[in-house]
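Notes to accompany the following structure.
In UniProt numbering, the protein residues as written are 1 to 260.
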């Protein structure tokens with residue numbers, strides 16, 4: 001997972017006061033520039049699926065931890081900084097969040113990270129299935145037809161259940177396809193897994209058809225009878241015959257050589 005945070009510029013752009021320490025106000029102003037918001041507004045609506053929410057939450061928390069470590073934000077200011085970058089339902093969740101050790105107090109930063117991951121980044125059943133599915137060695141090899149690969153793919157989905165997000169299934173299916181099919185379908189927008197499977201079957205059939213056509217054209221062009229009438233054969237004869245006087249000298253039909 002890559003974070004779009006320029007830590008070099010963050011450190012080089014820090015301003016210090018006369019005592020050589022960073023002012024808290026500038027820390028928040030500078031850090032807020034690099035931090036992103038997590039949550040959904042009422043106009044955006046809820047997350048499309050559980051996997052998208054888990055991915056965005058994990059990415060946001062990793063970015064916040066990196067910024068806090070870079071700027072040296074300590075103490076309760078870390079929780080305040082995180083609250084400033086939450087919107088919607090996560091912001092309301094943090095407002096009502098209480099410490100596990102002492103419900104009357106606010107949680108510490110380690111407790112917040114633990115509870116945030118438990119609430120937004122983790123789903124035990126789904127996470128277990130995703131990890132199992134990610135490490136499957138199922139792959140469409142050169143010796144395997146796409147129809148056979150689709151059957152095995154459906155079998156694995158049946159064994160793991162049908163609660164996996166459609167977007168995740170589509171991306172994993174495309175990654176397991178051969179390169180000549182993957183480069184054709186990876187930039188298309190598919191809404192269902194069945195549409196991707198149908199497109200892969202179509203690309204394979206076109207590859208087989210045009211591959212057979214190219215093989216037949218190669219054999220026809222290199223056939224003895226057709227080769228003598230081909231363009232390359234005529235061009236080579238004109239080059240070997242030399243001048244105009246030799247061009248009309250008779251051929252020896254047995255070994256294609258000139259008399260004389």
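Where a beta carbon is used, it is the ideal one built from N, C-alpha and C, also for glycine. If you're wondering where the values come from, they're calculated on a predicted model, not measured in any experiment.
Quiz prompt | Nearest residue (CA-CA) to residue 184, options 53, 202, 168 and 96 | solution = 202
Quiz prompt | Close Cβ partners of residue 176 (< 7 Å) along its chain, the five nearest in sequence each way excluded | solution = 138, 139 and 140
Exercise. Taking residue 171 as the reference, give the member of 113, 194 and 151 with the closest Cα.
Key: 194
Quiz prompt | Outcome for residue 74 when other beta-carbon atoms lying within 10 angstroms are tallied against a minimum of 16 | solution = exposed
Quiz item: How big is the Cα-Cα spacing for residue 117 and residue 58?
Solution: 8 Å
Quiz item: Does DSSP put residue 138 in a helix, a strand or coil?
Solution: Coil at residue 138, not helix or strand.
Quiz prompt | Strand pairing of residue 262, partner residues [DSSP] | solution = Residue 262 is absent from the model: the chain starts at 1 and stops at 260.
Self-check item: Beta carbon of residue 45 nearer than 8 Å to that of residue 85
Solution: no
Quiz item: When DSSP labels each residue in this structure, what does residue 274 get in the three-state scheme?
Solution: The structure shown does not extend to residue 274, since the chain is modelled only from 1 through 260, so no value can be given for it.
Practice problem: Could you tell me whether the Cβ atoms of residue 79 and residue 109 are closer together than 8 Å? | Solution: yes
Exercise. Return the chain-ordered list of same chain residues with a C-beta closer than 6 Å to the C-beta of residue 68, the five sequence neighbours on each side being excluded.
Key: 78
Quiz item: Going by the beta-carbon positions, is the gap between residue 107 and residue 97 smaller than 8 Å?
Solution: yes
Quiz item: For residue 165, which residues of its own chain have a beta-carbon under 6 Å away from its beta-carbon, when the five flanking residues on both sides are left out?
Solution: 49 and 51
Self-check item: Which of helix, strand or coil DSSP assigns to residue 58
Solution: helix
Practice problem: Reducing DSSP to helix, strand and coil, say where residue 47 ends up. | Solution: Correct three-state label for residue 47: coil.
Quiz item: Do you know whose CA, among 197, 174 and 178, lies nearest residue 187's CA?
Solution: If we check each option's Cα against that of residue 187, 174 comes out closest.
Quiz item: Would DSSP call residue 188 helix, strand or coil?
Solution: coil
Quiz item: Who are the near neighbours of residue 53 in its chain, counting only those whose CB is closer than 7 Å to its CB and skipping five residues on each side?
Solution: 47 and 120
Quiz item: Do you know how far the Cα of residue 31 is from the Cα of residue 81?
Solution: 9 Å
Quiz item: Around the C-beta of residue 216, are 16 or more other C-beta atoms found within 10 angstroms, so that it is buried, or is it exposed?
Solution: With a pLDDT of only 48 at residue 216, under 50, the local geometry of the prediction cannot be trusted, and no value is derived from it.
Quiz item: Between residue 150 and residue 112, what straight-line distance do the alpha-carbon atoms span, to the nearest angstrom?
Solution: 43 Å
Self-check item: DSSP state of residue 110 mapped onto helix, strand, coil
Solution: Residue 110 falls in the helix class under three-state DSSP.
Quiz item: What's the gap between the Cα of residue 155 and the Cα of residue 83?
Solution: When only Cα atoms are considered, residue 155 and residue 83 end up about 45 Å apart.
Self-check item: Residue-chain proximity (residue 157, chain D), Cβ-Cβ < 8 Å
Solution: The structure shown contains no chain D, having only a single protein chain.
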